[in-house]
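As structure tokens, the structure follows; a few thoughts come after it.
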Amino acid sequence: MTIKPFSSELTYQVFSLLLIMIVVHTAYVTVIRPNAEAELEYQAAQINLDQDYVPKRSVYVLVRDYEQEACFILMLWALVIMSYKSTHLLRERGMLEMDLLHAKEGIKFLPQDTHKLTRQIQALTQEQQDCLLPRALLVALHRFNSTCSIQDVSTATQSVCESEAEHLDSELSIIRYITWAIPSIGFLGTVRGIGDALGQAHKAVEGDIAGVTESLGVAFNSTLIALCISIVLMFIVYQLQLLQERLILDTQNYCNHNLIRHLQPK
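Residue numbers (my numbering): 239 to 504.
Rendered as structure tokens:
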């Protein structure tokens with residue numbers, strides 16, 4: 239199996255994370271937090287004027303804290319990584335639409351035909367040859383040329399596909415970590431908010447509950463945003479995993495239909 243250049247993908251992930259951090263933090267500093275502070279000041283003024291005033295839930299207030307900012311950064315980073323991997327998978331699936339072997343119905347491939355078939359695949363661009371389907375076909379043709387065994391060819395293609403499946407699954411590790419980290423950050427916000435509220439309990443006893451209320455808002459808002467983001471991300475992760483599994487199965491079916499069933503040992 240040809241190993242994809244890890245350094246280029248790592249560089250892409252690092253620079254995308256830095257860019258996302260800059261963009262999100264800028265949005266928070268210039269838009270979200272100023273609007274949230276203005277909204278909180280307005281609500282406090284209205285409460286002082288009217289004790290029956292019920293503050294409306296503001297999106298700016300809901301997402302203004304540092305935990306929510308971190309969650310949005312991780313969410314966008316995960317989406318960027320998944321879009322990169324989705325683009326690669328769609329390019330891989332595009333290979334399944336190509337007739338690489340020109341295997342018409344009724345035609346049979348003998349061991350001496352493998353050199354011609356191999357040259358047809360090697361005529362592809364290097365980027366195309368690095369895809370799963372050409373690699374699986376080349377391994378199958380080389381195995382058939384050396385062993386003349388259809389069973390060995392089937393085993394070889396299955397081995398290549400299983401190895402690729404494990405490789406693709408391992409590449410989802412960083413995304414799974416992000417989907418785990420987001421609720422954890424939300425829980426940290428909950429702990430911080432409750433801790434601040436407990437630290438102001440003496441003010442609540444004296445009748446000033448504004449600080450306690452604000453701290454509890456931090457606790458609940460961070461958890462709410464983190465869980466909502468996690469639900470959306472997990473759905474997208476499962477869709478990406480499904481796309482990977484379908485690629486492996488469709489590649490195996492392609493090899494069976496366009497190569498293995500046309501092989502004739504002698």
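For glycine and all other residues, C-beta sits at the position ideal for the given N, C-alpha and C. Note that this is a predicted model, so its numbers are computed, not measured.
Simplified DSSP state of residue i, which is helix, strand or coil
| i | result |
| --- | --- |
| L501 | strand |
| P243 | Residue confidence is low: P243 scores 44 on pLDDT, short of 50, so the model does not pin down where it sits. No coordinate-derived value is stated. |
Contacts around residue i, its chain only, beta-carbon distance under 6 Å, and the 5 residues preceding and following it disregarded
| i | result |
| --- | --- |
| M259 | I311 |
| A403 | I486 |
| L300 | N459 |
is_contact[residue i, chain B] using C-beta, thresh 8 Å
| i | result |
| --- | --- |
| E277 | Reference to chain B is not applicable here, since this structure consists of a single protein chain. |
Proximity of residue i and residue j at Cβ, strictly below 8 Å
| i | j | result |
| --- | --- | --- |
| T376 | L481 | Residue identity check: residue 376 is Leu in the sequence provided, not Thr. No, the Cβ-Cβ distance between L376 and L481 is not below 8 Å. |
| I486 | S392 | no |
| C399 | T268 | no |
| W315 | L255 | yes |
| I463 | C309 | yes |
| M313 | L471 | yes |
| L465 | G424 | yes |
| Q246 | E277 | The sequence as given places Ser at residue 246; Gln does not occur at that position. In this structure, E277 does not lie closer than 8 Å to S246 by Cβ. |
| Q364 | P372 | no |
| V388 | L257 | One detail in the question is off: residue 388 reads as Ile in this sequence, not Val. Against a cut-off of 8 Å, the Cβ pair of L257 and I388 comes out as no contact. |
| V475 | I412 | no |
Chain-order list of residues whose beta-carbon lies under 7 Å from that of residue i (same chain, five-residue window excluded)
| i | result |
| --- | --- |
| C493 | A374, L375, A378, T395 |
| S468 | T417, I420, P421 |
| N496 | L339, A341 |
| N273 | Y298 |
| Q251 | I319 |
Residue burial classification, residue i (beta-carbon count within 10 angstroms, cutoff 16)
| i | result |
| --- | --- |
| Q360 | exposed |
| G427 | buried |
| I345 | exposed |
| E343 | exposed |
| P503 | exposed |
| L287 | exposed |
| E330 | buried |
| A282 | exposed |
| V261 | exposed |
Near the ligand SAH: residue i beta-carbon under 7 Å from a heavy atom
| i | result |
| --- | --- |
| A394 | Judged by which ligands are present, the structure shown has none, so any question about the ligand SAH falls away. |
For the stretch 456-466 and the stretch 298-307, state whether three or more C-beta atom pairs, one from each stretch, are separated by less than 8 Å. yes
Assess contact between the stretch 335-354 and the stretch 379-391, defined as three or more Cβ pairs (one per stretch) separated by less than 8 Å. Is contact present? yes
Taking one C-beta from the stretch 313-324 and one from the stretch 267-281 each time, how about it: are there three or more such pairs within less than 8 Å? no
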